[in-house]
Amino acid sequence: LLRVFAWITENSVHGLQDLMLRTCLVYASGDLEPSPARDMRALEAGMEHLQARVDLLNMALAASKGEMRALGEEARSMHLGLKQMLEDDPVRELAKTHAKYAFAVRPRLIDRLFHRSGK
1051 LLRVFAWITE
1061 NSVHGLQDLM
1071 LRTCLVYASG
1081 DLEPSPARDM
1091 RALEAGMEHL
1101 QARVDLLNMA
1111 LAASKGEMRA
1121 LGEEARSMHL
1131 GLKQMLEDDP
1141 VRELAKTHAK
1151 YAFAVRPRLI
1161 DRLFHRSGK
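Just add 1050 to wherever you are in the sequence shown, counting from 1, and you've got this note's numbering.
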């Protein structure tokens, strides 16, 4: 830190900026030439990005699994509630009785209609 302040005192802030720019250019120029090290750094960066996306996908799937489980439990509780409500419903009992009566009367009614139309 003292060297930075000394450089600013001797050469001004613009001189420090030029020094930093030249230093960065020297270090960055190492990636301009094809090399196995550069390829490995690029591959590692790609793998880290892919791993981050896989982690996000796993987190989304875990959240989705929890929500689907909660939805299933809610559907089961609604189904049980509706089933109990329908068992105690007098209109439903009346409809069942009417359906039984209609199925019992229907064959005789059809026989009567077809026999009359034949006469």
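Glycine residues also receive a C-beta, built at the ideal position from the N, C-alpha and C atoms.
Asked: Could you check where the alpha helix (DSSP H) with D1089 kicks off and where it finishes?; Found: P1086 to E1137
Asked: Which residue comes first and which comes last in the alpha helix (DSSP H) that contains E1083?; Found: Looking at the DSSP string, E1083 is not in any alpha helix (DSSP H), and its letter there is neither H nor E.
Asked: For a test of the three-state rule: what should DSSP assign to L1066, helix, strand or coil?; Found: helix
Asked: Is it buried or exposed for K1169, if we count other Cβ within 10 angstroms and need 16 for buried?; Found: Residue placement at K1169 cannot be trusted, given a pLDDT of 49 that sits under 50; the coordinates are not used to answer.
Asked: DSSP on L1075, reduced to helix/strand/coil?; Found: helix
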